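Only one structure is covered here, and it is reproduced in the block below.
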Amino acid sequence: MLAVSERVPGYGRTPDQTIWHKPAPGHRCTGECDFHPIACSEEEGIVAPGPKQNVPIRLKKENEAWCTDCIALNANGKQPATQKPPR
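For what it's worth, the numbering used here labels the leading residue of the sequence shown as -13, then goes sequentially.
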């Protein structure tokens, strides 16, 4: 699935986490974006994002996870009950 990454720092106590988000519908990335809207929130997004990437649903790397709301969107195509990305 096409996704953008969010880095969640562990602040030295735990390893940094990578959370994958589904991009918001209709967003076109030119490669020079400084913000990517995400599908699980109408207000939040990824600041200073990396490029969109094809990411498998079943992640194999350590310290990576899918945003649960984005996975729910992929499963049923509807907006999730929560509008805030996981923290």
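C-beta: ideal position from N, C-alpha, C; glycine also.
Every value quoted in this text rests on a predicted model; they were computed, and no experiment measured them.
Legend entry - Nonlocal neighbours in the same chain, by C-beta distance under 8 Å from G36, ignoring five residues either side: V(-10), S(-9)
Legend entry - Sub-7 Å separation of L(-12) and K46 beta-carbons: For the pair L(-12) and K46, the CB atoms are not nearer than the 7 Å cut-off.
Inset, instruction - Using the DSSP secondary-structure output, state which residues sit across from P23 in a beta bridge. - result: G31
Legend entry - Other residues of its chain near A10: CB distance less than 8 Å, five sequence neighbours each side excluded: H22, P23, I24, A25, G31
Inset, instruction - Could you tell me which residues DSSP pairs with P9 in its beta bridges? - result: I24
Legend entry - N40 - partner residues in DSSP beta bridges: L(-12)
Inset, instruction - Give a yes or no on whether the C-beta atoms belonging to A61 and I5 are separated by under 7 Å. - result: no
Inset, instruction - Give every residue of the same chain whose Cβ lies closer than 7 Å to the Cβ of K70, excluding the five residues on either side of it in the sequence, and list them in chain order. - result: Confidence at K70 is low in this model, with a pLDDT of 47, below 50, so the placement of that residue is unreliable and no value is reported for it.
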